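Engineer:
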Amino acid sequence: MTDHEDKTTETTTVTLTPEQQARLRRRNIAVALGLIAMVGLFFAMTLVRLGGNVADRTY
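Numbering of the sequence shown is given in the numbering used here, commencing with residue 1034 and proceeding in unit increments.
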């Protein structure tokens, strides 16, 4: 047997305090809102850029 096979991995978990859980939740909400704002901005920019091109069509 190799040395790698003899070792057992031990997992540890972290228990958060209520204050840490609240901070983590606020940070997650802030990240989610930031992502939503960025997606909204990209969508609006796309509509503006495409809107001008669609209005300029000549057949």
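Cβ atoms here follow ideal geometry from the backbone N, Cα and C, with glycine treated the same way.
A quick note: this is a predicted structure, and the numbers were derived from the prediction, not measured.
Going straight from the alpha carbon of Met-1071 to that of Ile-1062, what length do you get?
Structural biologist: Rounded to the nearest angstrom, the two C-alpha atoms are 14 Å apart.
Engineer: Going by DSSP in three states, Glu-1052 sits in which element: helix, strand or coil?
Structural biologist: Here Glu-1052 sits in helix by DSSP.
Engineer: What does the alpha-carbon distance come out to for the pair Val-1047 and Gln-1054?
Structural biologist: Their backbone Cα atoms lie some 11 Å apart in a straight line.
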